[in-house]
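*Asks:* Provided herewith is a single structure, encoded as structure tokens, for subsequent inquiry.
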């Protein structure tokens, strides 16, 4: 069985079906089942191997490096793709959407 | 997973991009990550529980920050300008520290405290076998001592999740282009020095360093390194503007100039906008306790305010802009009641980047997570935040609360005044009386009567300074904070007031 990874700010997760890696930018307020290509995402340092699974049809449009993904119509939960892959990010089977980047001026 | 994730992420995608130093001789992100991993093992091997950094800004500092994080050890950069006795006192407060010291500083570490020289540690880190378990995000990543201008220095605890919330909430991953370069001129022990280590690695931006600030050295470095982004404290910008003396800075490559850490006088900002006509200006406001920036006045805000004839828009040049997303602000007056726009009170802030926790004291957040900044502030109707200075600096004269910033802003506009500080000193009749300490502009020494008349025309009579004192300079910390306590002590110690 897959141990669901904790979705706290700064938590890093990886896909079981492709090379996708994400970091949690904002934790969810409610319950979210973060999946990639239809399979639950694992903690980056989880013991189980990535496996040989392939993304499910309909959840195989891929992830884009540096983009933020969130649940459509909600603004609490957000992850950032730090390595792209061929699977799609989803809450269960509901695909996440790309969020527009905030254009904040650099202050550091 | 802690802040070391930022370096791991960036070096995973752009390992060969230059991270620190010049484009031709600098070191890449893969090199930084390798040294951070090896350096962590070297720190772990000492058995220490805390890492102290005693050195100037250099390529070693970011490696030290990430190495300490990877070793799950709190990192405390210390002010190398402190006297030995103060340095020893601060080091003595830490649990089993190991000190990473520049060779020039090494002899200042108290006997019995283990020391590694930064250059040697940096060299060995490239070969050491990486080891060490990942840290816990609720662990303390960085502990910074407050500058102690108003009280004994306090150790501010910044946990990994505060710093990660700040970086992830305020910057974009790999937003920097190949030709970007940030110039870091603030020292490692300033919160902006920590923030720059995190934000620039996350953005994938090359960093150049200036260890000892001079206006000429800063301008030369901007030219030589192809600097596109820079952060300065107000005293640095004031010195650059004075050095230019009306001439253009002639650095068209500098796209963004951020300033913060203390109040910038309106006259310096005006001169800077003229000297850097193609540069975007950003005013960043934050505290150590809030993991650096919590509000920014961006380039568009500067342009709109600068171009406006509406005094309500124009005055926003003196604001710190609007809060970052994820940061809530509340202005509270008497009895902690929230006040409306244009009303002044204490600034409280809340958000995932806000720590509000001190070593040996604990958290000062209220039960709902709000942090009292002790800054006096107000907002305008559009939500722009104005800071009127520290609550501790408030002068109470005849029962009336007076923010020095209000009087300073009026006097700062006087053409004969280069710098001014208004302080309260003990007075038998009024409790405190207001003294304006003035540094005059070159060759144009104003007389006290003229300044009194200038003030009376623009301020209510109780706020006209009771006394004007002239000095050649004002005392500042190296990071640009005015030493008001020192001014008050010197003024109060005079034999008799003139």
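Chains as they are written, first to last, in full-length UniProt numbering: chain Z, 1 to 108; chain D, 1 to 498. The beta carbon of each residue, even a glycine, is placed where N, CA and C say it ideally should be.
(1) Got a sec: is the Cβ-Cβ distance from residue 190 (chain D) to anything in chain Z below 7 Å?
(2) DSSP three-state call for residue 48 (chain Z): helix, strand or coil?
(3) Among D:412, D:408, D:415, D:439, which residue has its Cα nearest to the Cα of residue 424 (chain D)?
(4) Since residue 9 (chain D) and residue 23 (chain Z) are thought to touch, with beta carbons under 8 Å apart, how far apart are those beta carbons, to the nearest angstrom?
(5) Taking all protein chains shown into account, decide if residue 25 (chain D) is buried (16 or more other Cβ within 10 angstroms of its Cβ) or exposed.
(6) If residue 139 (chain D) sits next to residue 321 (chain D), beta carbons under 8 Å apart, how far is it from one beta carbon to the other, in whole angstroms?
(7) Report yes if the C-beta distance between residue 41 (chain D) and residue 128 (chain D) is below 7 Å; otherwise report no.
(8) Express the C-alpha separation of residue 142 (chain D) and residue 358 (chain D) in angstroms, rounding to a whole number.
(9) Pick out the complete beta strand (DSSP E) segments inside the segment 167-195 of chain D, 3 residues or longer, and give them in chain order.
(10) Judging by CA-CA distance, which residue of D:483, D:458, D:384, D:492 is the nearest neighbour of residue 433 (chain D)?
(11) Around the Cβ of residue 4 (chain D), are there at least 16 other Cβ atoms within 10 angstroms (buried) or fewer (exposed)?
(12) Which residue's Cα is closest to the Cα of residue 532 (chain D): D:225, D:215, D:233?
(13) Output needed in chain order: residues of the segment 80-101 of chain Z with a Cβ under 9 Å from some Cβ in chain D.
(14) Candidates D:195, D:184, D:161, D:394: which alpha carbon is nearest residue 171 (chain D)'s?
(15) Of the residues D:155, D:56, D:93, D:146, which one's Cα is nearest the Cα of residue 106 (chain D)?
(16) Is there a Cβ of chain Z sitting closer than 7 Å to that of residue 497 (chain D), yes or no?
(17) Applying the 10 Å Cβ sphere with the 16-neighbour rule, what's the burial state of residue 91 (chain D)?
(18) Taking beta-carbon pairs under 7 Å, can you tell me which members of the segment 194-210 of chain D lie near chain Z?
(19) Taking residue 438 (chain D) as the reference, give the member of D:426, D:417, D:334 with the closest Cα.
(20) Below 8 Å, how does it come out for the segment 63-70 of chain D and the segment 465-480 of chain D: are there three or more Cβ pairs, yes or no?
(21) Looking only at DSSP bridge pairs, what is residue 68 (chain Z) linked to?
(22) Per DSSP, residue 427 (chain D) is paired with what?
(23) For the segment 22-37 of chain Z, which residues have a CB atom closer than 7 Å to at least one CB atom of chain D, in sequence order?
(24) Pairing CB atoms from the segment 395-415 of chain D with CB atoms from the segment 304-312 of chain D, are three or more of them under 8 Å?
(25) Would you say the segment 156-164 of chain D touches the segment 348-366 of chain D, given that touching needs at least three Cβ pairs under 8 Å?
(26) Rounding to the nearest angstrom, what Cα-Cα distance links residue 363 (chain D) and residue 331 (chain D) in this structure?
(27) Using C-beta distances below 6 Å, list every residue in its chain close to residue 444 (chain D), excluding the 5 sequence neighbours before and after it, in chain order.
(28) Under 8 Å by Cβ, that's how I've got residue 144 (chain D) and residue 288 (chain D) pegged, so tell me the actual separation to the nearest angstrom.
(29) Cβ atoms of residue 100 (chain D) and residue 48 (chain D): under 7 Å apart, would you say?
(30) Which residue from D:7, D:246, D:278, D:412 puts its Cα closest to that of residue 318 (chain D)?
(31) Between the segment 448-457 of chain D and the segment 392-399 of chain D, are three or more C-beta pairs nearer than 8 Å?
(32) Shorter than 7 Å from the beta carbon of residue 7 (chain Z) to some beta carbon of chain D?
(33) Output, in chain order, the set of chain A residues within a Cβ distance shorter than 8 Å of residue 14 (chain Z).
*Replies:* Looking at the coordinates:
(1) With its beta carbon at least 7 Å from every one in chain Z, residue 190 (chain D) lies outside the interface.
(2) It is coil, neither helix nor strand.
(3) That would be D:408, whose Cα lies nearest to the Cα of residue 424 (chain D).
(4) The pair is a contact, with the Cβ atoms about 7 Å apart (cut-off 8 Å).
(5) Exposed, by the Cβ-count rule.
(6) Taking C-beta atoms under 8 Å as the contact rule, residue 139 (chain D) and residue 321 (chain D) fail to qualify, at a distance of about 32 Å.
(7) For residue 41 (chain D) and residue 128 (chain D), yes; Cβs fall inside 7 Å.
(8) One Cα belongs to residue 358 (chain D), the other to residue 142 (chain D), and the distance between them is close to 12 Å.
(9) You should have 181-184.
(10) Checking every option, the nearest Cα to that of residue 433 (chain D) belongs to D:492.
(11) Under this definition residue 4 (chain D) is a buried residue.
(12) Within the shown structure, residues of chain D are numbered from 1 to 498, placing residue 532 (chain D) beyond reach of any answer.
(13) Only those residues of the segment 80-101 of chain Z whose C-beta falls short of 9 Å from the nearest C-beta of chain D are listed: 80, 81, 82, 83, 101.
(14) The option with the nearest alpha carbon to residue 171 (chain D) is D:195.
(15) Of the candidates D:155, D:56, D:93, D:146, the residue whose Cα lies closest to the Cα of residue 106 (chain D) is D:56.
(16) Unreliable positioning characterises residue 497 (chain D) in this predicted model, as indicated by a pLDDT of 48, which lies under 50. The coordinate reading is nonetheless provided below. Residue 497 (chain D) does not count as touching chain Z.
(17) Result: buried.
(18) Within the segment 194-210 of chain D, the qualifying residues are 195, 196, 199, 200.
(19) Ranking the options by Cα distance to residue 438 (chain D), first place goes to D:417.
(20) Cβ pair count under 8 Å is below three, so no.
(21) DSSP, once it has assigned bridges, lists Z:80, Z:99 as partnering residue 68 (chain Z).
(22) Beta-bridge partners assigned by DSSP to residue 427 (chain D): D:431.
(23) Flagged, chain order: 23, 25.
(24) In short, these stretches do not touch, since the Cβ pair count stays below three.
(25) They touch, by the three-pair rule.
(26) Each residue's alpha carbon lies about 20 Å from the other.
(27) Answer for residue 444 (chain D): 416, listed in chain order.
(28) 5 Å between Cβ atoms; contact.
(29) No, these two residues do not count as a Cβ contact at 7 Å.
(30) Selection D:7, D:246, D:278, D:412 evaluated against residue 318 (chain D) yields D:412 as nearest (Cα-Cα).
(31) Too few Cβ pairs lie closer than 8 Å, so no.
(32) Under the Cβ criterion of 7 Å, residue 7 (chain Z) is not counted among the residues facing chain D.
(33) The question asks about chain A, but that chain is absent: this structure's protein chains are Z and D.
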